[in-house]
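Data block below; observations after.
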Amino acid sequence: MTVAGSLVTMAATGTPALASGHARDAATATEYVDVQLLSITDLHGYLQAPPASDAVITGAGGKQFTVGGVPYMATHLKNLRAGHTNTLFFAQGDLFSGWSFPAASLADEPTIEALNRMGLDFSTAGNHEFDRTPGFLIDHMEKGKPYAGEGWTNSFPDSTGRTFPGAKFRYYSANMLWGTSGKTVLPPVNVEWVRGPGGRRLPIGFIHLTVTGTDTGSTSFQTALRMSQEVATANYYAALLKARGVNAIVLSMHDGAVAGSDFNSGSTPSGPAYDLALTVSSDIDAIVTGHWHYAFNMMVPDPKGRPRPFVEAGCHAQIINEINLRLDPVTGKVVRELTTSTNHPNTHDVTPDPDLKETADYWSGYADNRGATRIGRQTASFTRSLNSFGESTMGNLTADWALWAGGQKLDPFDTGNIHPNVPAQLALIAVAPRQGSCVINDDLVLDSTVQGAVSYRKAFNAVGYGDPIVTATVTGQSIHDALEQQWKMKGTVLTYAPLAVSHNVRYTFDAAGAVGNRVNPADVLIDGTPLDLRATYRIAVTAYTLIGADDYPALGTYTQPVRHTRDFESFIAYVQSQAVLTPAPLGRVTARSVSAVRADTGQLLPVPATRSADITPRVASAGTDGGRGRC
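Those letters in the sequence shown? Residues 1276 to 1906, by the numbering used here.
Have a look at this one:
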């Protein structure tokens, strides 16, 4: 027992966590009904292999395992299922919406086909399942309905030649609600039936929770949604299931914790899911988590002191968790003392499943061909190199794109907005933010060998991490204050985190002015007219910037926000719409007093590099989910 009161697994890889010593012999307890629960989490579309940082995991005694890839996972699943009468395969969310090019560039349809082929039964909706809109999740991903741009933006032929049919499994969430009606966006629970002796069927209920803050996070920003509190929601549905005769209950949640020195242990646990596990209804017999991209396997006492599994299976197809429940054949109750749980590494010492290998290889090839498709032409290079006034050709290009994006019609499957779609009047893009992520990943360098052709993949790699452009109404005062917030003292050093402005904006700052008093509103021109501090303006920014994640808090006083298409998809559409890209001369930002004795334009912050973080740093704040580099 740890100081937190958790019974943890020790010893070698594959050694299960045991609810009690009696569980060691549970496999021979034939008087009970055996139920095998297999689960994965946070696949994020990585069908072939995980990012390099996640390709090796550590087990007991420091032993390392190379893991990942759905072809290997399919084989392990087949082996694990063998000999079991009752098996359920489910997930804790974030199965799609990641930065694997084949998945992200093809509307995540490759991920759905792979999961269909592996026989996924159902899944909790994670925060990234809401990275488009509820309409996209329900109508396209679940039901397979095409939308505008069929064949180019969606509804691609799968590895069998069929047009995308949608998922053979369903998504659930008990705490994601429509803001106006309070009804759940997705079904809150599901009940699965397993076979008992004499043809008897026994129910197992699953409650599903999506991580709190999904509706206000940057990638999943949805004004039409709100969320209910996790523990209260889980307790409510546990009582409801119990009242309806369901005596075995599992909580599947897309929120997690950190615990354990290896993927199959659970020492010194902490995090929101662990706090929940100690307090949530004792009627819940197992808690399976995700979102934090950690791996642990342990037993945690419920409020009545009875042990129950508390597990997480890493990310990116690293691990399959297995929980074995034993049910009373008459009442259907879980015999807690006989529960076992194991995290199985998705190792490469098995033969990859040929069907899943065919699927993964097909989509990789399809994406490569699509990535080479020409979508536009450029006449010169766009670079992130900043001049002393914080301006760059790449920054100006993305600000112009954001203004364009903020004037487009909403997606036809959009059900996540409640405010009118009023076009943007100006755009701001953080090109070297003081904190967090930058929407610009790379330069757009002229390739003269192809006459300046811009390919789909080149544009995809240059801009975006899955954040939508959001338009919102702000005051002139907020715009002015945000411009002032570009400068901040760090000790005795003046730092400068510049905002790129769209082509219809010009402003001048005073290089000798004090921090907070460098920009005169009269020197900020929008379409040639000075900024009016009392007027309101429609602005276009990334959701990440709007919610204050990169430290321009003045914009947080916005009203009537409307989310538009995700950044990389929108930027590709912008390049197509322009046909030819030519860098505009710099000069949107100028400075006065540059030769004064006290003049200081400020130390420019480093320009962020590429999408190298690929979803997740393993930190305790992972649940905040601010965009690229988040869970």
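We put the beta carbon where it would ideally sit given N, CA and C, even for glycine.
Q. Which word fits residue 1468, buried or exposed, when buried means at least 16 other C-beta atoms lie within 10 angstroms of its C-beta?
A. By the beta-carbon neighbour count (other beta carbons within 10 angstroms, threshold 16), residue 1468 is exposed.
Q) Shorter than 9 Å from the beta carbon of residue 1403 to some beta carbon of chain C? A) Given the protein chain composition of this structure (a single chain), no chain C is represented.
Q: Tell me whether residue 1841 is buried or exposed, calling it buried when 16 or more other Cβ atoms sit within 10 Å of its Cβ.
A: Of the residues assessed, residue 1841 falls on the buried side of the cut-off, its CB having 16 or more other CB atoms within 10 angstroms.
**Q.** Extent of the continuous alpha helix (DSSP H) to which residue 1638 belongs
**A.** 1629-1646 is the span of the alpha helix (DSSP H), which, as asked, contains residue 1638.
Q: Using 10 angstroms around the beta-carbon of residue 1369, count the other beta-carbons present and answer buried if the total reaches 16, otherwise exposed.
A: Residue 1369 comes out buried.
Q) Quick check: the stretch 1859-1878 against the stretch 1776-1788, are there 3 or more CB pairs under 8 Å? A) Counting Cβ pairs under 8 Å, three or more are found: they touch.
Q) Do the stretch 1620-1638 and the stretch 1735-1746 meet, that is, are 3 or more Cβ pairs less than 8 Å apart? A) With a cut-off of 8 Å on Cβ pairs, the stretch 1620-1638 is not in contact with the stretch 1735-1746, counting fewer than three such pairs.
Q) DSSP state of residue 1470, grouped into three classes? A) Of the three classes helix, strand and coil, the one that applies to residue 1470 here is strand, per DSSP.
Q.
Just to confirm the assignment: which complete alpha helix (DSSP H) runs, minimum length 4, are found wholly within the stretch 1349-1425?
A. Here the runs fully enclosed are 1376-1379, 1384-1393.
Q: Would you mind sorting residue 1393 into buried or exposed? The rule is 16 or more other CB atoms within 10 Å of its CB.
A: The residue in question, residue 1393, is buried, as its Cβ has 16 or more Cβ neighbours within 10 Å.
Q) For the beta strand (DSSP E) that contains residue 1587, what are its first and last residues? A) Counting along the chain, the beta strand (DSSP E) containing residue 1587 begins and ends at 1582-1588.
Q. Would you say residue 1429 and residue 1382 are within 9 Å of each other, going by their C-beta atoms?
A. For residue 1429 and residue 1382, yes; Cβs fall inside 9 Å.
Q. Quick one, are the C-beta atoms of residue 1577 and residue 1553 less than 9 Å apart?
A. In this structure, residue 1553 lies closer than 9 Å to residue 1577 by Cβ.
Q) What are the boundary residues of the alpha helix (DSSP H) that residue 1331 is part of? A) Per DSSP, residue 1331 belongs to no alpha helix (DSSP H); it is in the beta strand (DSSP E), 1331-1333.
Q: Count the C-beta pairs between the stretch 1800-1816 and the stretch 1725-1737 that are closer than 8 Å, then say yes if the count reaches three, no if not.
A: Under the Cβ criterion (8 Å, minimum of three pairs), the stretch 1800-1816 does not count as touching the stretch 1725-1737.
Q: Check each candidate in 1308, 1683, 1838, 1398 and name the one with the smallest Cα separation from residue 1471.
A: Distance from the Cα of residue 1471 is smallest, within the candidate group 1308, 1683, 1838, 1398, for 1308.
(Q) Taking the beta carbon of residue 1702 as the centre, do at least 16 other beta carbons fall within 10 Å, making it buried, or is it exposed? (A) Buried.
(Q) Alpha carbons only, please: which of 1560, 1753, 1589 is nearest the one belonging to residue 1566? (A) Answer by Cα proximity: 1589.
Q. So, helix, strand or coil for residue 1597, using DSSP?
A. Look at residue 1597 here: in three-state DSSP terms it is strand.
Q: Using only alpha-carbon positions, find the residue among 1306, 1295, 1296 that is nearest to residue 1605.
A: Out of 1306, 1295, 1296, the CA that lies nearest to the CA of residue 1605 is found in 1306.
Q | residue 1430 - DSSP class collapsed to helix/strand/coil | A | It is coil, neither helix nor strand.
Q. Would you call the stretch 1677-1685 and the stretch 1661-1668 touching, i.e. three or more CB-CB distances under 8 Å?
A. The stretch 1677-1685 makes no contact with the stretch 1661-1668: fewer than 3 CB pairs, one atom from each, lie closer than 8 Å.
Q: Using only alpha-carbon positions, find the residue among 1863, 1771, 1676, 1779 that is nearest to residue 1852.
A: The residue with the shortest Cα to Cα distance from residue 1852 is 1676.
Q. Sorted by chain position, which residues of the same chain lie with C-beta nearer than 6 Å to residue 1826's C-beta, five sequence neighbours on each side aside?
A. Result list for residue 1826: 1709, 1710, in chain order.
Q: Report back the beta-carbon spacing between residue 1447 and residue 1464 to the nearest angstrom; my notes put them in contact at under 8 Å.
A: Contact between residue 1447 and residue 1464 holds, since their C-beta atoms are separated by about 7 Å, short of 8 Å.
Q: Starting from the N-terminal side, write out each stretch of the beta strand (DSSP E) that is 3 residues or longer and does not extend beyond the stretch 1718-1795.
A: List check, beta strand (DSSP E) in window: 1728-1730, 1743-1750, 1762-1765, 1768-1771, 1774-1776, 1780-1785.
Q | Touch test, the stretch 1512-1529 against the stretch 1554-1562, Cβ-Cβ under 8 Å, three pairs minimum | A | Yes, the stretch 1512-1529 touches the stretch 1554-1562.
(Q) Can you tell me whether residue 1441 sits near the ligand SAH, meaning its C-beta is under 8 Å from at least one heavy atom of the ligand? (A) With respect to the ligand SAH, the structure offers nothing, as it holds no ligand at all.
Q. What are the uninterrupted segments assigned as alpha helix (DSSP H) that are 4 or more residues long and contained completely in the stretch 1539-1572, given in chain order?
A. Those alpha helix (DSSP H) runs which fall completely within the stretch 1539-1572 and span 4+ residues are 1547-1554.
Q) Less than 9 Å separating the beta-carbons of residue 1439 and residue 1404? A) No; because the gap between Cβ atoms is not below 9 Å, this pair is not in contact.
(Q) In whole angstroms, give me the CA-to-CA distance for residue 1457 and residue 1628. (A) Take the alpha-carbon of residue 1457 and the one of residue 1628: they are about 44 Å apart.
Q: Specify, as a first and last residue, the run of the beta strand (DSSP E) that residue 1518 falls within.
A: Careful: residue 1518 lies outside any beta strand (DSSP E), inside the alpha helix (DSSP H) at 1505-1518.
Q: Leaving aside the five residues before and after residue 1844 along the sequence, list all residues of the same chain whose C-beta is less than 6 Å from its C-beta, in chain order.
A: If we look at residue 1844 and ignore the five residues flanking it on each side, it has no Cβ neighbours.
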